[in-house]
Amino acid sequence: MPSTLGEDGDPLDILVLMDAPTCVGCLLTARPIGVIEAKQTQKGTTFRNDRIIGVGDAAHEYARLKSLAELDRRIVDEIEHFFISYNEMRGRHFKPIRRSGATSALSVARRGMRAFAVKTKHDFWYSTRVMRANDCEHSYSNILE
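Just so you know, my numbering puts 79 at position 62 of the sequence shown, and the rest follows in order with no gaps.
Right, here's the structure in full:
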């Protein structure tokens with residue numbers, strides 16, 4: 018999800034249910050229906066790495082879904098298994114801890130947006146301080162252009 022930041026340092030992940038396949042990393046609009054809350058262990062460090070589940074705005078087959086609880090349980094089991102296997106192949110441990118609805122998914126997204134805003138504000142502050150310290154000719158307006 019653009020302009021978000023998870024505990025793993027990457028943008029938040031969202032798995033979007035759609036009628037047709039698309040490429041990884043493409044930008045599309047979706048609404049969240051739930052979240053698979055999970056812990057991930059990597060290089061001895063454990064952190065939250067929740068996976069938001071959404072429905073693509075143009076999806077017809079899944080348009081009726083308003084909550085993760087309405088999705089066939091077997092599909093959610095397969096999604097969890099995918100994330101467990103995907104991480105295992107990369108030497109990481111992914112452990113689902115809870116399945117929650119749209120309200121929780123929105124909370125996760127808002128937390129990720131706040132984390133991104135704090136980080137980018139810090140990065141902007143740091144970069145402008147470094148430029149000032151080096152007596153660069155750049156102004157704030159030049160940075161934002």
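The C-beta atom is built at its ideal place from N, Cα and C for all residues, glycine as well.
Inclusion of L85 and R107 in the CB contact set at 8 Å is not warranted, their separation being larger than that value. Burial of I70 is indicated by the presence of at least 16 other C-beta atoms within 10 angstroms of its C-beta. Exclusion of the five residues before and after M18 leaves P28, L29 and I31 as the residues of its chain whose Cβ lies within less than 6 Å of its Cβ. Counting only runs of 3 or more residues that sit fully inside the region 86-130, the beta strand (DSSP E) segments are 110-118, in chain order. Of the candidates T58, H110 and M130, the residue whose Cα lies closest to the Cα of T21 is M130.
For T63, the closest C-alpha among the options Y103, K112 and E97 is that of K112.
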